[in-house]
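Chemist: Numbering (this note's numbering), first residue to last: 41 to 166.
Where is the CB? At the ideal position from N, CA and C, for every residue including glycine.
Before I ask anything, let me first share the structure, which is written out below as structure tokens.
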């Protein structure tokens, strides 16, 4: 599951399937909630319109699409190679999204990954 928020249009997207999956149709569940389905009636995503009216803005901004950075930039920030980061995505150790052909992550997800790599140093025996 993937959650994104676009503050410019105040829409929260909850992807239950691959974000790249193309919906066949949508149903309005309420004035603020739209469900998107594939051709086999499988629920793909849920769209929450005017999300800040029902959810704290600071919480929504954690999922902001504005915070996404390309993997090439993440590689520069971490001094790790692009291919290493990509491998970690496939191993599900680094959270990321794919927009078209470009992998994207966030600084928060990058920090979580880096923290998971660090191991406490063993104390020297005296």
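Name the one or two DSSP bridge partners that residue 52 has.
Modeler: Beta-bridge pairing links residue 52 to 45, 88.
Chemist: Which whole-angstrom value is the C-beta distance of residue 66 and residue 74, which I expect to be below 8 Å?
Modeler: That pair is a contact at about 5 Å.
Chemist: How far does the alpha helix (DSSP H) with residue 17 in it extend, from its first residue to its last?
Modeler: This structure cannot settle anything about residue 17, because the visible part of the chain is limited to 41 through 166.
Chemist: Expressed to the nearest angstrom, what Euclidean distance is found between the alpha-carbon atoms of residue 165 and residue 158?
Modeler: Annotation note: pLDDT 46 at residue 165 (below 50); position unreliable, coordinate value reported separately. If you take the alpha carbons of residue 165 and residue 158, they lie about 21 Å apart.
Chemist: Is residue 132 helix, strand or coil by DSSP?
Modeler: Note: residue 132 maps to coil in three-state DSSP.
Chemist: Given a cut-off of 7 Å, decide if residue 55 and residue 69 are closer than it, judged by their beta-carbon atoms.
Modeler: It is not a contact, given that the beta carbons lie outside the stated cut-off.
Chemist: So residue 149 packs on residue 111, CB below 8 Å; how close in whole Å?
Modeler: So it is not a contact: roughly 11 Å between Cβ atoms.
Chemist: Is the CB-CB distance between residue 99 and residue 53 below 7 Å?
Modeler: Contact flag unset, no.
Chemist: Count the other CB atoms within 10 Å of the CB of residue 84; is the residue buried (16 or more) or exposed (fewer)?
Modeler: Answer is buried; the Cβ neighbour count reaches 16.
Chemist: Taking only beta-carbon atoms, is residue 81 less than 7 Å away from chain D?
Modeler: In the structure shown, chain D does not exist; there is a single protein chain.
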